[in-house]
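With positions in the sequence shown counted from 1, the corresponding number in the working numbering is that position plus 70. Cβ coordinates follow ideal geometry from the N, Cα and C atoms, glycine included. Below is one structure, written out as structure tokens; comments come after it.
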Amino acid sequence: MTNNEIPKELQERVLLLNGIIYISAEVADDAVLMSFLSYAARKGFKETKRLEAEEFQKMRKKNITKAETKSDIQDLAVQIIADAYVQGASDIHIGDYGPFASIQFRKLGMLQNYKQLMGEIGRKVIVAMYQTMSNSADTTFVAKERQDGRIVSNDFLPADVHSIRIHTEPLDCSMAENGTGTFMALRLLYDRTTAKGSLQDRLKTLGFSDRHIRRFQFLTQRSGLTLLSGPTGHGKSTLLKHIMECMAEDNPEKNFLAIEDPPEYPLERVKQVRVSTNEKDENRGAAYRNAIAGAMRSDPDTIMIGEVRYPEAASAALDAAQTGHGVWTTIHANSALGIIQRMVSLLRAAQYPDPLEYLCDHTVLSGLHHQRLVPVLCPNCKMPLKEITKLPNDNKLRLKSLPEAVLNRLFRAVNNMENVNIRGEGCKQCSGVGIIGQTVASEIVTTDHVILKAVRTGNMEAAYKHWRHEQNGQTFVSHAIDLIEDGLIDPYLTERRLGVPLNYAKAFDDFNLSSSDLDELAGAKNVEAPHGAS
71 MTNNEIPKEL QERVLLLNGI IYISAEVADD AVLMSFLSYA ARKGFKETKR
121 LEAEEFQKMR KKNITKAETK SDIQDLAVQI IADAYVQGAS DIHIGDYGPF
171 ASIQFRKLGM LQNYKQLMGE IGRKVIVAMY QTMSNSADTT FVAKERQDGR
221 IVSNDFLPAD VHSIRIHTEP LDCSMAENGT GTFMALRLLY DRTTAKGSLQ
271 DRLKTLGFSD RHIRRFQFLT QRSGLTLLSG PTGHGKSTLL KHIMECMAED
321 NPEKNFLAIE DPPEYPLERV KQVRVSTNEK DENRGAAYRN AIAGAMRSDP
371 DTIMIGEVRY PEAASAALDA AQTGHGVWTT IHANSALGII QRMVSLLRAA
421 QYPDPLEYLC DHTVLSGLHH QRLVPVLCPN CKMPLKEITK LPNDNKLRLK
471 SLPEAVLNRL FRAVNNMENV NIRGEGCKQC SGVGIIGQTV ASEIVTTDHV
521 ILKAVRTGNM EAAYKHWRHE QNGQTFVSHA IDLIEDGLID PYLTERRLGV
571 PLNYAKAFDD FNLSSSDLDE LAGAKNVEAP HGAS
């Protein structure tokens, strides 16, 4: 059921939103309303709420957007994109649930509600974005299919946005016509950082420590394969962009080629080769392989591969590294050393009988990196942890700001709590969210003979300990703990973004988890608070 099915005499005073029927207090319980409510109940919409007239009109104005013509719909779609850019969003999520469509923006790594549309309008926006505004392999939007597209026309994009990547998924939705809704995810591809200057300057702006910067500077001087990992939306492509641009600027006598599907950002002084965008998923791996092979015949010095996602791309990247070229790329993995197992899986799928035989050569596999983006606290409204810990254990603000289990893990992970801060309630400076940006929590492994020999023999524990103790390697969790101790990031939000407990590094450094270790990882009580906690 949609708002269009509300009787005309009620449409200004009745609103269907999120499966609830909102009714203005001005509407009398007459036959028209009773008949409509009975009809709605048969459709499965039984919950009603009465609102004061002024409150109802505010809600209706906020959530109902009128758009009827094709031009109106396209203008609405462009406005949604423009608003996302102005608000600093990285992604737009549009969900068509039948009677209504919801729109959310991902800002600073967190989803926030933007607005709701009537279902019919939401579907038209989805169709316009995919079918009219984008370039895609399929020219027609089909709600029941998984589809990909890309908006590249400057007619639809804000000035600094290079392109928008589109992906749609069919949703099982009982309220939608034929039981099928749609989820559309749009990734706005633009550099939201202010990083400029030398490699050192840019990496510092992105949040890397001096130790990380030295490792990256070393890797830019090496040949072989360097892989950057992290979850989707955690800055891998942005980091790769800045590294490639700096390498190209510092080495104007060399030929830098980038193979991307499709290019995400313009790269200064780098030749960007586009992998065919007309291929279906099952053919993209071969298209990547052919593009990399073509790059190898183009007299390159350094090659960038946008992402190693397919077995063919992993195989071609390894081939390029074996010929003495510098190869930089991104990959999905859970840690720096975890990249090796991910590459092994891809290479086995590419028919390599023993991938480690080829990978475990420090002249071929040069660097492994993993990062997560963590939210930076607003300096104006952040709250000292010691003020929160003075509150009773059942205090709502305390429970909301830092759940007990997180606090217990924090006590075990942090050596000095004196400067630890937590997210405030928001102010004008941070637009009421308590967060002003994101920074990086990172780990980087520069491979050597010892690490790769241990990996080759299946002794990942020895490889990890050599990196940690002999190379003075720092895990991404440990990097985040440093930022917490400096009062820059919130412990609770950080733990959620890291995907592991704050005391993860301490527990796993010994590679031997006892029952008490597992209790500590779960946030069990009965621990002594370190200096500065009270």
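The Cβ atoms of G303 and S94 lie no closer than 8 Å to each other. Here DSSP, grouped into helix, strand and coil, assigns S501 to coil.
Residue range 269 to 276 is occupied by the alpha helix (DSSP H) that includes T275. Leaving aside the five residues that flank S206 on each side, the residues in its chain whose CB is nearer than 6 Å to its CB run, in chain order, G219.
If you look at T308, you'll find it in the alpha helix (DSSP H) that goes 306 to 320.
Contact between R216 and T238 holds: their C-beta atoms lie close to 7 Å from each other, under 8 Å. With a 10 Å radius around the Cβ and a threshold of 16 neighbouring Cβ atoms, I90 comes out exposed. 8 Å or more divides the Cβ of L572 from the Cβ of I559. It is roughly 50 Å from the alpha-carbon of L455 to the alpha-carbon of V343. The three-state reading of DSSP puts T527 in coil, since its state is none of H, G, I, E or B. In the structure shown, D161 falls within a strand segment according to DSSP collapsed to helix, strand and coil. Per DSSP, G408 is one residue of the alpha helix (DSSP H) stretching across 408 to 419. The C-alpha of L181 lies about 35 Å from the C-alpha of V97. In this structure, I492 places its C-beta atom within 8 Å of the C-beta atom of I458. With contacts defined as CB atoms closer than 8 Å, A390 and I373 qualify as a contacting pair. With contacts defined by Cβ atoms closer than 8 Å, V340 and M314 form a contacting pair.
Each residue's CA atom was taken as its position, placing E555 and A483 some 10 Å apart. Counting C-beta atoms within 10 angstroms of its own C-beta, N88 has fewer than 16 neighbours from the protein chains shown and is therefore classed as exposed.
Rounded to the nearest angstrom, the gap between the Cα atoms of K131 and S436 is 57 Å.
A residue is called buried once 16 or more other Cβ atoms fall within 10 Å of its Cβ, and V156, having fewer, is exposed. Annotated as proximal: M254 and I196, with beta-carbon spacing under 8 Å.
Under DSSP, the beta-bridge partners assigned to S512 are Q441. DSSP assignment within the stretch 89 to 150 yields the following whole beta strand (DSSP E) runs of 3 residues or more, N-terminal first: 90 to 94, 118 to 121. With contact defined as three or more Cβ pairs closer than 8 Å, the stretch 510 to 525 and the stretch 428 to 448 are in contact. Residue state for R292 is assigned as coil, using DSSP reduced to three classes. Segment contact: the stretch 421 to 440 against the stretch 284 to 303, three or more CB-CB distances shorter than 8 Å; contact assigned.
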